[in-house]
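K.L.:
Position one of the sequence shown corresponds to residue 126 (the working numbering), numbered consecutively onward.
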Amino acid sequence: MESQKKIKIALTGSYEESKDLIQTLRYIDQLELCAVFNPQSSLSILKVGTDDIPVFHDLETFIQTNDFAVLALEREVPDIKACLSRAGKDQVMVIPREHLRIFQPFFKKLMEVAALNKQSEAIMEAAQEGIQVVDAQGKILYANSSFTRITKVPLKERINKNIFDVSPDGSLAEVLRTGRAVFGNTHVTEGTPIIANASPLINDGKLTGAVTVFSDASSVEKMARIIQRSKEEVASLKEAIHEMNQTKYSFQDLVGQSPAFIKCIQQAKLAADLNSTVLITGESGTGKELFAHGIHGFGNRCSGPFIKVNCPAIPANLLESELFGYEKGSFTGANKLKIGKFELANGGTIFLDEIGDMDFTLQAKLLRVLQEREFERIGGNHPIKINVRIIAATNRNLLEQIEKGLFREDLFYRLNVIHIHIPPLKERREDIPLLIDHMLKKFSRQNNTRSTEKNPLPSISKPALQELCNYEWPGNVREMENLMEKILIFNNTGAITKEDITYFLTAETRYCHNKTTCLTIKEMEKRLIYSALDKHGTTLAGKKAAAQELGISLTCLYDKLKKYK
Ligand SMILES: Nc1ncnc2c1ncn2[C@@H]1O[C@H](COP(=O)(O)OP(=O)(O)OP(=O)(O)O)[C@@H](O)[C@H]1O
Ligand SMILES: [Mg+2]
Numbered sequence: 126m127e128s129q130k131k132i133k134i135a136l137t138g139s140y141e142e143s144k145d146l147i148q149t150l151r152y153i154d155q156l157e158l159c160a161v162f163n164p165q166s167s168l169s170i171l172k173v174g175t176d177d178i179p180v181f182h183d184l185e186t187f188i189q190t191n192d193f194a195v196l197a198l199e200r201e202v203p204d205i206k207a208c209l210s211r212a213g214k215d216q217v218m219v220i221p222r223e224h225l226r227i228f229q230p231f232f233k234k235l236m237e238v239a240a241l242n243k244q245s246e247a248i249m250e251a252a253q254e255g256i257q258v259v260d261a262q263g264k265i266l267y268a269n270s271s272f273t274r275i276t277k278v279p280l281k282e283r284i285n286k287n288i289f290d291v292s293p294d295g296s297l298a299e300v301l302r303t304g305r306a307v308f309g310n311t312h313v314t315e316g317t318p319i320i321a322n323a324s325p326l327i328n329d330g331k332l333t334g335a336v337t338v339f340s341d342a343s344s345v346e347k348m349a350r351i352i353q354r355s356k357e358e359v360a361s362l363k364e365a366i367h368e369m370n371q372t373k374y375s376f377q378d379l380v381g382q383s384p385a386f387i388k389c390i391q392q393a394k395l396a397a398d399l400n401s402t403v404l405i406t407g408e409s410g411t412g413k414e415l416f417a418h419g420i421h422g423f424g425n426r427c428s429g430p431f432i433k434v435n436c437p438a439i440p441a442n443l444l445e446s447e448l449f450g451y452e453k454g455s456f457t458g459a460n461k462l463k464i465g466k467f468e469l470a471n472g473g474t475i476f477l478d479e480i481g482d483m484d485f486t487l488q489a490k491l492l493r494v495l496q497e498r499e500f501e502r503i504g505g506n507h508p509i510k511i512n513v514r515i516i517a518a519t520n521r522n523l524l525e526q527i528e529k530g531l532f533r534e535d536l537f538y539r540l541n542v543i544h545i546h547i548p549p550l551k552e553r554r555e556d557i558p559l560l561i562d563h564m565l566k567k568f569s570r571q572n573n574t575r576s577t578e579k580n581p582l583p584s585i586s587k588p589a590l591q592e593l594c595n596y597e598w599p600g601n602v603r604e605m606e607n608l609m610e611k612i613l614i615f616n617n618t619g620a621i622t623k624e625d626i627t628y629f630l631t632a633e634t635r636y637c638h639n640k641t642t643c644l645t646i647k648e649m650e651k652r653l654i655y656s657a658l659d660k661h662g663t664t665l666a667g668k669k670a671a672a673q674e675l676g677i678s679l680t681c682l683y684d685k686l687k688k689y690k
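1) Is the stretch 437-456 close to the stretch 533-542, with three or more CB pairs under 8 angstroms?
2) Straight-line CA distance for P548 to L665?
3) Apart from the five residues just before and just after L644, which ones in its own chain have a Cβ nearer than 8 angstroms to its Cβ?
4) Cβ of T276 within 8 angstroms of Cβ of T311?
5) Tell me whether K413, by its Cβ, gets closer than 7 angstroms to a heavy atom of ligand 2.
6) If contacts are defined as beta-carbon pairs under 8 angstroms, then G419 and L379 qualify, I think. What distance do you get, rounded to the angstrom?
7) May I have the straight-line CA-CA distance separating A393 from T474, to the nearest angstrom?
8) What are the start and end residues of the alpha helix (DSSP H) that includes E157?
9) Just confirm the distance between the C-beta atoms of I320 and S343, as a whole number of angstroms; I'd bet it's less than 8 angstroms.
10) If you draw a straight line from the C-alpha of C681 to the C-alpha of E650, how long is it?
11) Figure out for me which residue from I480, L444, L531 and D484 has the closest Cα to the Cα of I503.
12) Between D378 and ligand 1, is the CB less than 7 angstroms from at least one heavy atom?
13) In whole angstroms, what separates the C-alpha of A323 from that of V258?
14) DSSP state of R514, grouped into three classes?
15) Enumerated in chain order, which unbroken segments of the beta strand (DSSP E) with a length of 3 residues or greater are wholly contained in the stretch 219-302?
16) Under 7 angstroms: does the beta carbon of N520 sit that close to some heavy atom of ligand 1?
17) To which residues does DSSP link I464 through a beta bridge?
18) Within this structure, are the beta carbons of N520 and E408 separated by less than 8 angstroms?
19) Counting along the chain, where does the beta strand (DSSP E) carrying K331 start and finish?
20) Report yes if the C-beta of S409 is less than 7 angstroms from at least one heavy atom of ligand 1; otherwise report no.
21) Within its chain, find whatever has a CB closer than 7 angstroms to the CB of M126; leave out the 5 residues flanking it on each side and keep chain order.
22) Going by beta carbon distance, what residues of the same chain come within less than 7 angstroms of E250, once the five residues before and after it are set aside?
23) Report the rounded CA-to-CA distance for Q673 versus L679, giving the unit in angstroms.
24) Whose C-beta lies closer than 8 angstroms to the C-beta of E610 among residues of the same chain, with five residues either side of it excluded?
25) Between V336 and E254, is the Cβ-Cβ spacing less than 8 angstroms?
26) Please return the same chain residues whose Cβ sits closer than 6 angstroms to the Cβ of V202, not counting the five positions on each side in sequence.
27) Alpha carbons only, please: which of S375, G309, G334 and K373 is nearest the one belonging to E346?
28) Is the number of C-beta pairs between the stretch 383-391 and the stretch 350-360 that are closer than 8 angstroms three or more?
29) CB R151 to CB V173, shorter than 8 angstroms?
30) Please state the DSSP three-state secondary structure of L682.
31) Quick check on DSSP: helix, strand or coil for P437?
32) What are the boundary residues of the alpha helix (DSSP H) that A385 is part of?
33) Inspect the CB distances between the stretch 230-241 and the stretch 139-150 and report whether three or more fall short of 8 angstroms.
34) Helix, strand or coil: which one does DSSP assign to I751?
35) Is there at least one non-hydrogen atom of ligand 1 closer than 7 angstroms to the beta-carbon of R498?
36) Under DSSP, the beta strand (DSSP E) around K172 begins and ends at which residues?
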């Protein structure tokens with residue numbers, strides 16, 4: 126605080142008698158206790174806080190050696206006024222004891238206020254935030270030590286200076302100019318981002334000053350960055366979930382008009398609105414997955430998620446955690462919580478593809494979920510209720526699998542509530558021309574050879590179509606898709622002939638179906654890899670599934686791919 130000329134005050138009496146008065150005087154800036162007169166005391170110095178106050182035992186010396194303007198008579202001294210007069214100090218104001226007593230409650234109050242002030246100061250010192258206070262004219266009255274720590278400005282460069290000189294554009298100056306609070310003012314001091322909030326101090330409706338609170342915003346910034354990153358992650362997860370929600374295909378994508386196929390579609394549409402489990406069987410490539418999407422998209426769960434689980438593609442030891450998830454710390458390596466596919470599918474559909482190849486022990490766990498409609502995460506201790514429609518598919522004959530002891534009979538009956546069997550193409554040859562037409566359009570579109578007058582859809586000769594209708598199609602619609610795609614790539618004449626078909630079909634047949642052809646082991650391996658990749662695709666997931674099917678590790682598959690280029 127500003128140094129000013131203080132009024133000196135002296136006192137007669139002991140510390141005990143005058144404790145309140147002495148303590149109070151310490152807090153009154155304008156007063157300074159300079160001496161005590163106490164003939165009975167053995168002390169020569171009275172310690173009051175950090176001050177040493179001389180104690181006089183001789184009245185004459187007390188009056189003559191001290192230059193005080195006020196004398197408080199805590200203990201009455203006879204003829205004091207005459208004594209003062211003798212020393213030429215008539216102007217000294219003498220406050221008799223009874224008058225001091227009148228002020229006693231006032232002293233007490235003052236002490237309380239002083240104590241409160243000290244406490245407030247201690248609180249402001251303890252604050253991690255920097256605090257700076259100015260009066261209405263802008264004079265800086267106070268700043269705590271955190272202020273210096275954060276702003277790197279020494280206190281002496283601030284206290285008693287005017288804010289309009291030292292920081293004319295800062296938030297305090299603005300508050301004094303406008304009378305309004307300023308929030309979230311940010312600036313960078315020596316590389317540290319600082320955020321300041323300043324408010325006016327109003328007393329009796331008048332602006333008496335302003336206070337600002339600074340904080341080091343690095344931690345806030347760090348937190349904001351973390352929140353931002355989490356927000357981005359959530360957004361991408363939302364997107365992924367949205368993608369999962371969207372079934373890729375609908376019944377409109379299913380081409381066919383044979384009575385057998387129409388029956389399948391009708392069954393599937395009926396099943397769509399029921400919540401019962403659906404089992405879709407049929408040879409490989411007959412469209413089981415397409416049907417599963419169609420059922421989900423046609424039913425009342427269409428806005429819920431559609432989660433596909435390719436049972437054999439996930440190693441048996443991981444399938445359980447994939448399906449049910451796990452709690453953080455439930456096993457070594459479980460360093461974060463994982464939500465399983467069943468939980469992800471809540472409110473929607475879970476599609477258990479290739480269920481016939483599911484690990485036998487896991488089949489029991491799946492059966493329990495189907496029965497109880499609840500499960501626990503691995504390492505979890507509370508059951509999670511789920512509302513999930515289950516669609517399972519397989520190209521295996523489950524009854525045969527049961528006989529071989531590879532599939533649980535009880536699980537089969539649980540899954541087989543609504544059974545849709547998609548007949549192979551050879552049993553619904555009426556669908557072949559339609560499918561061929563559909564694929565010609567689809568691949569022409571994909572290859573950007575849109576049908577225009579100049580560039581019509583590739584035509585297919587009658588004998589060529591006949592050839593396709595007579596073929597056995599062991600790989601069903603998928604095989605047809607592959608074949609048509611290859612033909613369209615290699616034949617750019619716009620007209621597909623019987624020769625094209627025979628050429629590609631023979632190559633295909635030699636490749637995949639003619640088991641009597643004598644091939645070298647190397648050639649055989651090459652073809653097996655080719656056909657597995659053809660089936661599963663060349664994405665990472667496809668390669669994983671292909672390796673799984675071939676019974677080799679992913680690394681081994683990569684080695685072989687490199688070997689065969
Ligand atoms: N009726 C159909 N109409 C149009 N495309 C079809 C039809 N049936 C199947 N397909 C196509 O054939 C391919 C194979 O279909 P899908 O994957 O559904 O067969 P799948 O029965 O699940 O085969 P797998 O048992 O090998 O898994 C897909 O690309 C699909 O688009
Ligand atoms: Mg499938």
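Ideal Cβ positions, reconstructed from N, Cα and C, are used throughout, including at glycine. Bear in mind that the values here come from a model prediction, so they are computed numbers and not experimental data.
P.N.:
Checking against the coordinates, here is how it stands:
1) No, the stretch 437-456 does not touch the stretch 533-542.
2) C-alpha separation (whole angstroms): 31 angstroms.
3) Bear in mind that a pLDDT of 47 at L644, under 50, signals an unreliable position, so the number given afterwards is only what the model happens to contain. R652, listed in sequence order.
4) T276 is not a Cβ neighbour of T311, given a cutoff of 8 angstroms.
5) Yes; taking the cut-off as 7 angstroms, the Cβ of K413 has a heavy atom of ligand 2 nearer than that.
6) Right, their Cβ atoms sit about 6 angstroms apart.
7) Whole-angstrom Cα-Cα distance: 14 angstroms.
8) Element bounds for E157: not the alpha helix (DSSP H) but the beta strand (DSSP E), L156 to F162.
9) With 8 angstroms as the limit, I320 and S343 do not qualify as a contact, their Cβ atoms being about 10 angstroms apart.
10) Note on geometry: alpha-carbon atoms of C681 and E650 lie some 12 angstroms from one another.
11) Of I480, L444, L531 and D484, the residue nearest in Cα terms is L444.
12) Result yes, Cβ under 7 angstroms from ligand 1.
13) CA-to-CA, the gap between A323 and V258 works out to about 10 angstroms.
14) Reduced to three states, the DSSP call for R514 is strand.
15) Here the runs fully enclosed are 255-260 and 265-268.
16) Between ligand 1 and the CB of N520, the shortest heavy atom gap is smaller than 7 angstroms.
17) G450.
18) At the C-beta level, N520 and E408 come within 8 angstroms of one another.
19) Here the beta strand (DSSP E) through K331 covers K331 to D341.
20) Within the cutoff, so yes.
21) Note that M126 has pLDDT 41, beneath the 50 cutoff, so the model's placement of it is unreliable and no number is given.
22) Around E250: N269 and S270.
23) Between Q673 and L679, the alpha-carbon positions lie close to 8 angstroms from each other.
24) Correct list, in chain order: M564 and F568.
25) No, they are not a contact pair.
26) Cβ within range, chain order: T137.
27) The candidate whose alpha carbon is nearest that of E346 is G309.
28) Short answer: they don't touch.
29) Between R151 and V173, the CB-CB gap stays under 8 angstroms.
30) DSSP places L682 in helix when its eight states are reduced to three.
31) DSSP places P437 in the helix class (H, G or I) of the three-state scheme.
32) Counting along the chain, the alpha helix (DSSP H) containing A385 begins and ends at P384 to D398.
33) With the cut-off at 8 angstroms, the stretch 230-241 and the stretch 139-150 touch.
34) Residue 751 is absent from the structure shown; the chain starts at 126 and stops at 690.
35) R498 Cβ: outside cutoff for every heavy atom of ligand 1.
36) Run containing K172: I170 to V173, per the beta strand (DSSP E) assignment.
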